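Report on the following structure.
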Amino acid sequence: NAGVMQNPRHLVRRRGQEARLRCSPMKGHSHVYWYRQLPEEGLKFMVYLQKENIIDESGMPKERFSAEFPKEGPSILRIQQVVRGDSAAYFCASSPVEIQGQQYFGPGTRLTVT
Amino acid sequence: EDKVVQSPLSLVVHEGDTVTLNCSYEVTNFRSLLWYKQEKKAPTFLFMLTSSGIEKKSGRLSSILDKKELFSILNITATQTGDSAVYLCAVPWGDDKIIFGKGTRLHILP
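These protein sequences, in sequence, are chains B and R. For the first sequence, the numbering used here assigns the number 1455 to the initial residue and increments by one for each residue that follows. For the second sequence, the numbering used here assigns the number 132 to the initial residue and increments by one for each residue that follows.
Here it is in structure tokens:
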């Protein structure tokens, strides 16, 4: 059973470009969470999705960031018009049930904005 | 405001030493506390604690929760260089979030 997969592992974007980060949850998992880890800071919750539904996006910046988890295919975290402050590691986690269950993390995507 | 605070933020010890990492929390409707180990990749799950005073062990790692004093400790005995990592404490909050502490960066010297 493959774990949570994220791609790309490393992404370099120039300021103003768009970044698309993909996350495929573990087989059988229908809950996906995105986290951002800034240098020297802890993991911060961004958004919680189930298939075709955004359940909680209270941790998402109001502008430029969006997320989706379509019926088919991976979950996508999209950052438009990236700025240097968006440089971070973005982790996706999935779980089969509610959050009290163990979350399984993907390897992360390291975004660098130049 | 709900929060999770870890201490120390960084720690350097010699191989063979024992370390204790601390995590205190203030979270409404507390249900469980999680410990993760993060090396140069994704966090990996270590322990889930729900009951006070019951120690969980996995090899040289152990952890315990005190729900009265609102803290948990993670102990690592006979440390090895492979234990060098960031150790994250996290508390599920509400129905769908986890609040993470900033982590303790542990470095084991050979």
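Glycine included, C-beta positions come from ideal geometry on N, C-alpha and C. In this text, all values refer to a predicted model and were calculated from it rather than measured experimentally.
1. Note down the Cα distance separating Q1535(B) from T208(R), rounded to an integer number of angstroms.
2. Could you tell me whether any Cβ in chain R is nearer than 8 Å to the Cβ of G1539(B)?
3. Is F1545(B) near G1562(B), with beta carbons less than 8 Å apart?
4. So is H238(R) buried or exposed if we call it buried at 16+ other beta carbons inside 10 Å?
5. Mind checking if F231(R) is an interface residue toward chain B, Cβ cutoff 8 Å exclusive?
6. Going by the DSSP bridge assignment, what does D197(R) pair with across the sheet?
7. In chain order, what residues of the segment 170–182 of chain R put their CB closer than 8 Å to some CB of chain A?
8. Check whether the Cβ atoms of S1529(B) and L1497(B) lie closer than 8 Å to each other.
9. Could you check if H1464(B) is buried or exposed, using at least 16 other CB atoms within 10 Å of its CB as the buried criterion?
10. Terminal residues of the continuous beta strand (DSSP E) containing T1566(B)?
11. For L1531(B), would you say it is in contact with chain R, using Cβ-to-Cβ distances shorter than 8 Å as the test?
12. List the residues of chain B that L196(R) touches, going by C-beta distances under 9 Å, in chain order.
13. So, at 8 Å on beta carbons, what are the nonlocal neighbours of N1507(B) in its own chain, with the 5 sequence-adjacent residues on each side left out?
14. Would the segment 1470–1488 of chain B count as touching the segment 188–208 of chain R if we require 3 or more Cβ pairs under 8 Å?
Checking against the coordinates, here is how it stands:
1. Their backbone Cα atoms lie some 47 Å apart in a straight line.
2. no
3. yes
4. Using a 10 angstroms sphere on the CB of H238(R), the tally of other CB atoms stays under 16, which defines it as exposed.
5. The C-beta of F231(R) comes closer than 8 Å to at least one C-beta of chain B.
6. F202(R)
7. Absent from the structure is chain A; the protein chains it does hold are B and R.
8. no
9. exposed
10. 1563–1567
11. Under the Cβ distance rule, L1531(B) does not count among the residues neighbouring chain R, no pair being separated by less than 8 Å.
12. Correct list: empty, because the minimum Cβ distance to chain B is about 15 Å.
13. F1523, listed in sequence order.
14. no
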